[in-house]
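Q: Structure provided below as structure tokens; questions to follow.
Residue numbers (the numbering used here): 156 to 353.
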């Protein structure tokens, strides 16, 4: 009998197998959902900014030559840029008791390569030549007309000397005038004994 219904036992077994398979599928799906790891969040933090060193505006130290009535004459002294003549004298051991500090501008600013001479009291000043006007030129306070009386200096160069003095401060030594455009060693030698520093 080919079309007869299956015995209830077989149907039941088939139903149990399908139920087990369905349970296995549901259990497997649940297991997959439960055992699936949560996504890991990876946070990449950029490195902290490094401190860029700021350029320093500290000027290089300067060297000056100190002679005369100081404890350590004839020394090249290194002092901080912006130092004054008084600082160089102190660095050279200080002025001697017979130093004539009235003849030295202690407040003058130093420049690299300056020479500072501290005379002694009572020392006879050397005989100085004079300009065509008969007087020495006070280079740090002289007018254009007064500077123009120096040999080899015309109005244009006199103006450059004043402009340089206004921009850089007073001249301390004759050699400092060599920094002015148009003054060379020969001209400097001509005017060296005709100027004074106040």
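For glycine and all other residues, C-beta sits at the position ideal for the given N, C-alpha and C.
(1) When the Cα atoms are used, what is the spatial distance from residue 270 to residue 239?
(2) Note down, in chain order, each residue of its chain lying with its Cβ closer than 8 Å to the Cβ of residue 320, except the 5 sequence neighbours on either side.
(3) At what residues does the beta strand (DSSP E) containing residue 232 begin and finish?
(4) Helix, strand or coil for residue 264? Go by DSSP, reduced to three states.
(5) Thinking C-beta only, is residue 299 closer than 9 Å to residue 275?
(6) Below 6 Å CB to CB, which residues in the same chain sit around residue 351 once its five sequence neighbours on both sides are set aside?
(7) Give the DSSP bridge partners of residue 223, in chain order.
(8) Among 259, 220, 258 and 173, which has the Cα closest to the Cα of residue 266?
A: The short version:
(1) Approximately 12 Å, taken between the alpha carbons.
(2) Excluding its 5 nearest sequence neighbours in each direction, residue 320 has C-beta neighbours in its own chain below 8 Å: 294, 295 and 326, listed in chain order.
(3) Per DSSP, the unbroken beta strand (DSSP E) holding residue 232 starts and ends at 230 to 234.
(4) Residue 264: strand per DSSP, three-state reduction.
(5) Contact: no.
(6) Cβ neighbours of residue 351 within its own chain (closer than 6 Å, five residues either side excluded): 291 and 293.
(7) Paired residues: 273.
(8) Ranking 259, 220, 258 and 173 by Cα distance to residue 266 puts 220 first.
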